[in-house]
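*Asks:* According to my numbering, the sequence shown is numbered sequentially starting from 1403. All C-beta atoms in this analysis are idealised placements derived from N, C-alpha and C, irrespective of residue type, glycine included. Here it is, the structure in full.
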Amino acid sequence: MMRQLAVFFLSILLIQGLSQTSLFSQIPNSEDYVVTHFGMEEGLPQNSVNDIVQADNGYIWLATFGGLVRFDGHRFRTYNRSNTEGMDYDRVVSIFEDSNNNIWGASEQGVVKLTKDKAISYSIDKRTTSASAGWIKEDKEGRIWGALNGNFYLLKNNQFERQMLFEVDGQKFQKISADTTGAILYMDKIVAKSYNDTLYKFLDLREKIESNIISLIEYPKNSGVFFIGTSGNGVLKLKNEEVTFLGKNLGLNNKDILGFYEDRKNRLWIYSYEGILINEGSEFQTFRMDGEDQNFDIQIRSMFEDNEGNLWLGSVAEGLFRLKETQISMIDVNDGLVNQRMLSLSALNDGSFIFGTNCGGVFVSQNGVAEFPAVNKYLPNNCIWSVFQDSKDRIWFSANGLYMTNSLQEKGKSFGINDGFEGINIFAIAEDKLGNIWIGCSNGIFKYNDVSGFTTYKTEEGFNFSETRVLHEDANGNIWAGTIAGLYKITDDNVEQVKLAHSKNYPNKTDEPYIRAIYQDEDGTYWFGSYGNGIFRMKEDQIINITSQDGLFDNIVSHIVEDDHGNFWIGSNRGIFRVSRNNLNDFSEGVNDEILSYSYGTGDGMNSAETNGGFHPSTIQDSDGNIYFPTVGGVAVVKTTKININTTIPPVYIERVRSSTDVFSDINTIELPYNDSFLEISYTAINFNKPEKTRFKYKLVGFNDNWVDVGNRREALYSKIPPGEYTFKVLASNSDGVWNEKGATIGVVITPPFWQTKVFYGIVGLVFLTSGPAVYYYRVSQLKKENDKQKRFSEQLINSQEAERRRIASELHDGLGQQILVIKNRLELAKQQIGNTKKLEEEMDEIMKSTKISISDVRTISHGLRPVHLEKFGLTDAIINLCREIKDSDSIEWSYHIDKIDGLIDKNKEIHFYRVVQEGVNNIMKHSSAREASVLIKRTDYNIFTTIWDDGKGFDLKNLTGTEGLGFIGMKERVETLGGTIDIKSAPVNGTTIKINIIRREHNL
């Protein structure tokens, strides 16, 4: 499994083309890591990362030859000469944050200090040409020191002044050594230490080394012991004023040292031209795979560990790498698997594991090493859909029929019609407490024992079962069978169908779900996983359906395994996810209204996120609590006892606010006039572990006091905010559901027009004194009604926009995204079938099917945004097609007449007219309960007249609320953009008539 790190990194760069990716690896004496690469395609200004630091506010800062770069885990922001005021230098080689949270960068030309997006540049000795760069450091009294351009400097009077280096005698040396406030600097072969505002020579190595000092670290911290890295003499150790060379006896063969780093586990890392070394004991070990003695081909320039435990490596010309400890390890081709498409997994009685593959035979794995046993040459077929060892040590296979052997090294026996077995396509094999073997097939369920042979089970109606995919014996000895057409229970040879279609929340009351997983917990509650319909929970006679709409990560539930902490680990097509059983119970019983799922995939160590399901047995849980899942890329091993929960609260920041005319940053309150009340607020949260799974919710207090959950979207849009004072607040959670409840806020003030100011009200008051209270109260009430109306409309508009965004995001993620993932996985499988024409054609057929579905999904989504007929055939045909579809699919008796109106409305505004008609007919379908309805569009020389009519239940125009009112307001606004008018007449029981009059474009001047 283990490979040398250089090969590992190069595979990232060459195979993935420098795109962001994740791979699995094993590191000696440390946890496994997933490596993610970031390059210019991800936002770096260029690919050399010279230094890395994490600021107190959580951002990671990078020193590059393209400027200073800030990173929040999601987006890189570059500060350079072209976009940052006061920044004169951008070839930065080192970076530092001082006690006032300023970011300092030492460049090849000078020094830059960055404070709240503004920079101050400092030249060194008034040089303007390239010089040898250095680094900046601060002592504990706030003085800024520099080792720059071959000399030592102190920042005084807003400029860097060159400092003399003073010799120190024994007594003075002891005093300076004991001082903890000074800064330690090095240059060439000299180590210096500051004491107050004076710099003293601390160590002189000119007589000991020929090369220069490159790096220095006190290790362990506050120990008084220093490791010194040189450019040609390896590593030196300074302890009690004695300098010693560290060599091969400690595992140190590297001579050209680039840097040191101490991580949060107190391990010392050394990176050099020859590679990386790590020390977590008495000696250093090479950071590589499988003991391969190869040179480390990527030169590491910097190393850093963030507050979440991720290691960051900056390279020379190869970008930035993140090393994250894996949550999941893999058993794959590197461990002996020739075929990685796993279907059935089972534990053998000797403690080893057996894996059945999709037409690649079976493998036996012990201690993570897989072997291909001799039984493969005896099996009738190498497509192993189920494999299981019973209590008598017999091993049963689904291999183009039922096959049994007493040893994996010996030939066994096939069972067929002559033996009383009529099963076809075996998907599940299990054993009950009495030693009976149960076999689930596409044409029924069969039971075998040595005395009576085979018994056939049919449904209670006398039919064969439809594809039994999972078998389970409960605590009372009942056998449960999950099929593609529902759930069955066998008790004392009596068969009963357990109806799930009538479960609470289940939308389809006629079709029974396809059941793939069955689990009974310690409380006796049953949990059934389905293909496409989530989970069904059955407690006594109460059944509830739980889906992704409730927070479940995926509706395809192929496996349910509970760990020792009460968590369900669930295999799905989109990855493995974890959900608390207590959380599911509380949701089912109405205690809470949300399911919290935590998903794992390629970013956590899996070769592929897709697990295989519909075959039994399919998971293993070993004595250490590890759970084994079958995937299309090998066996995924979840180390449930070592799952790292990220408890770091993500800092939240509002980075930018944009109105229709200006862009604002670093402000506490934004003030806009009433006629420019458009706002785009960009925010972020610092999360490096799984930034793509950061969740946000926000609200505009005083305007919309309900939280808007927007997932990972990082901007809020508002329009038509009524005058008033508001507070925008945004909260965020990390990938493990840890929320920053404080969040970030910004004040928003929308100044009112003159007629809503106190001055105006004062004038109105004078009018009141002279004209009487009637006029005053009437006008003020009208103004209040208008203001309230605008506020309600804006709030409904925001909710409508968020619903539409969620709909599109859901369709992209669950539909198109899933199909693209299937295509990707099928392509990976197809690559493995090169040379096998038949198998390759089968995979290509599946890819073609998924491609067609993807095309259909894209068309469906795009049609929701802009109708295809409108683009291809024009406005007239688009409306005719709309009416035809409604007529064919609705019980209302529809009639329509559409004059040819192409070209009579501005091309860019045709969509507004189409949406008005669409909204009108949709309202009839949803709300009218009409028997008849019609759409009439007539053209004249000057106008386009439209009538949308129904004889339904009608409504009171004064009582419109919610989305209905918003719909009519939207219709009115669209008609107004067309320069037209709209008249809506309706009353309870008397139907509805909508009349629209639009002036033709050539007359609409």
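CB-CB under 7 angstroms to Asn1369, same chain, minus the five flanking residues each way: which ones, in chain order?
*Replies:* Residue 1369 falls outside the range modelled here, since the chain spans only 1403 to 2407, and no answer is possible.
*Asks:* Where does the unbroken beta strand (DSSP E) through Ile2123 begin, and where does it stop?
*Replies:* Segment: none, Ile2123 is in no beta strand (DSSP E) and carries neither H nor E.
*Asks:* With a cut-off of 8 angstroms, do at least 3 Cβ pairs link the segment 1747–1766 to the segment 2019–2036?
*Replies:* The segment 1747–1766 is in contact with the segment 2019–2036.
*Asks:* Just mark Ser1450 as buried or exposed, buried being the case when its beta carbon has 16 or more other beta carbons within 10 Å.
*Replies:* Buried, by the Cβ-count rule.
*Asks:* Go ahead and pull the three-state DSSP assignment for Ile2313.
*Replies:* Three-state DSSP puts Ile2313 in a helix.
*Asks:* In chain order, what residues of the same chain lie with their CB nearer than 8 angstroms to the CB of Leu1781, ignoring the 5 residues before and after it?
*Replies:* Here the set comprises Gly1763, Val1764, Phe1799, Ala1801 and Tyr1805.
*Asks:* Looking at the strands, I want to know which residues DSSP matches up with Ser2084.
*Replies:* According to DSSP, Ser2084 bridges with Arg2058 and Glu2117.
*Asks:* Under 7 angstroms Cβ to Cβ from Thr1583, same chain only, skipping five residues before and after it: list those, please.
*Replies:* Asp1541, Lys1542 and Glu1543.
*Asks:* Closer than 8 angstroms is the cut-off here; do at least three beta carbon pairs connect the segment 2075–2085 with the segment 2146–2155?
*Replies:* Cβ pair count under 8 angstroms is three or more, so yes.
*Asks:* Going by the beta-carbon positions, is the gap between Val1513 and Phe1562 smaller than 8 angstroms?
*Replies:* Taking 8 angstroms as the Cβ cut-off, Val1513 and Phe1562 qualify as a contacting pair.
*Asks:* In whole angstroms, give me the CA-to-CA distance for Phe1867 and Gly1814.
*Replies:* Looking at the two C-alpha atoms, the distance is approximately 28 angstroms.
*Asks:* State whether the segment 2014–2021 contacts the segment 1959–1971, with contact taken as three or more CB pairs (one from each stretch) at a distance under 8 angstroms.
*Replies:* Contact between the segment 2014–2021 and the segment 1959–1971 is present, because at least three Cβ pairs lie under 8 angstroms.
*Asks:* Rounding to the nearest angstrom, what Cα-Cα distance links Lys1641 and Asn1656 in this structure?
*Replies:* Between Lys1641 and Asn1656, the C-alpha separation is close to 21 angstroms.
*Asks:* Specify, as a first and last residue, the run of the beta strand (DSSP E) that Gly2145 falls within.
*Replies:* Note, Gly2145: beta strand (DSSP E), Trp2141 to Thr2153.
*Asks:* Identify which residue in Val1645, Phe1706 and Glu1644 has its Cα closest to the Cα of Leu1670.
*Replies:* With distances taken between Cα atoms, Leu1670 lies closest to Phe1706.
*Asks:* Which residue's Cα is closest to the Cα of Ile1538: Tyr1597, Leu2074 and Leu1556?
*Replies:* Nearest option by C-alpha distance: Leu1556.
*Asks:* Could you say which of Arg1479, Gly1753, Tyr1621 and Ala2118 lies nearest to Met1442 if we only look at CA atoms?
*Replies:* Cα-wise, what sits closest to Met1442 is Arg1479.
*Asks:* So does the segment 2335–2345 actually touch the segment 2383–2392, counting three or more Cβ pairs closer than 8 angstroms?
*Replies:* Result no; under three Cβ-Cβ pairs closer than 8 angstroms.
*Asks:* Which first and last residues belong to the beta strand (DSSP E) in which Lys1574 is found?
*Replies:* Here Lys1574 belongs to no beta strand (DSSP E); instead the alpha helix (DSSP H) covers Gly1572 to Ala1580.
*Asks:* Does the Cβ-Cβ distance between Ser1586 and Leu1638 come in under 8 angstroms?
*Replies:* The amino acid occupying residue 1586 in the given sequence is Ile; Ser does not appear at that position. No, the Cβ-Cβ distance between Ile1586 and Leu1638 is not below 8 angstroms.
*Asks:* Apart from the five residues on each side of it in sequence, which residues of its chain come closer than 7 angstroms, Cβ to Cβ, to Asp1913?
*Replies:* Counting only Cβ-Cβ distances below 7 angstroms, and skipping sequence neighbours, we find Ala1903.
*Asks:* Are the beta-carbon atoms belonging to Ser2330 and Asp2352 less than 8 angstroms from one another?
*Replies:* A contact, by the Cβ cut-off of 8 angstroms.
*Asks:* Do Ile1659 and Ile1616 have their CB atoms nearer than 8 angstroms?
*Replies:* Closer than 8 angstroms, so yes.
*Asks:* Our contact map puts Glu1351 next to Lys1603 with C-beta atoms below 8 angstroms; I'd like the distance itself, whole angstroms only.
*Replies:* Because the chain in this structure spans residues 1403 to 2407, residue 1351 falls outside the shown range and cannot be described.
*Asks:* To which residues of the same chain is Leu1605 closer than 6 angstroms at the C-beta, ignoring the five residues directly before and after it?
*Replies:* For Leu1605, where only same-chain residues beyond five positions count, the Cβ hits under 6 angstroms are Val1593.
*Asks:* Within 10 angstroms of its Cβ, does Val1771 collect 16 or more other Cβ (buried), or is it exposed?
*Replies:* So Val1771 counts as exposed.
*Asks:* Taking 8 angstroms as the cut-off, does the segment 1967–1976 touch the segment 2058–2075 (at least 3 CB pairs, one atom from each stretch)?
*Replies:* Taking 8 angstroms as the limit for Cβ pairs, the verdict is that the segment 1967–1976 does not touch the segment 2058–2075.
*Asks:* How long is the line joining the alpha carbons of Phe1757 and Val1645, rounded to whole angstroms?
*Replies:* Answer to the nearest angstrom: the Cα atoms are 57 angstroms apart.
*Asks:* Pull the bridge partners of Gly1931 from the DSSP assignment, please.
*Replies:* Looking at the DSSP assignment, Gly1931 forms a beta bridge with Ala1919 and Ile1937.
*Asks:* Count the other CB atoms, across all protein chains shown, that sit within 10 Å of the CB of Pro2032; report buried if there are 16 or more and exposed otherwise.
*Replies:* Looking at its Cβ environment, which holds 16 or more other Cβ atoms inside 10 Å, Pro2032 is buried.
*Asks:* For Leu1425, which three-state DSSP category applies?
*Replies:* Only weak support is given to the placement of Leu1425: the predicted model assigns it a pLDDT of 32, under 50, and the question is left unresolved by the model.
*Asks:* Name the residue from Ile2123, Asn2108 and Asn2091 whose alpha carbon lies nearest to the alpha carbon of Asp2138.
*Replies:* If we check each option's Cα against that of Asp2138, Asn2091 comes out closest.
*Asks:* Just verifying my parser: in three-state terms, what is the DSSP assignment at Pro2032?
*Replies:* Three-state DSSP puts Pro2032 in a strand.
*Asks:* Suppose contacts are defined by Cβ-Cβ distances below 8 angstroms. Is Ile2346 in contact with Leu2306 by that definition?
*Replies:* Going by C-beta atoms, Ile2346 is nearer than 8 angstroms to Leu2306.
*Asks:* Can you list, in chain order, the stretches of the beta strand (DSSP E) that have 3 or more residues and sit fully within the segment 1775–1861?
*Replies:* Here the runs fully enclosed are 1788–1791, 1797–1800, 1804–1807, 1815–1817, 1828–1833, 1839–1843, 1846–1851 and 1855–1859.
*Asks:* Based on Cα-Cα distance, which residue from Val2318, Glu2057 and Phe1755 lies nearest to Arg1472?
*Replies:* If we check each option's Cα against that of Arg1472, Glu2057 comes out closest.
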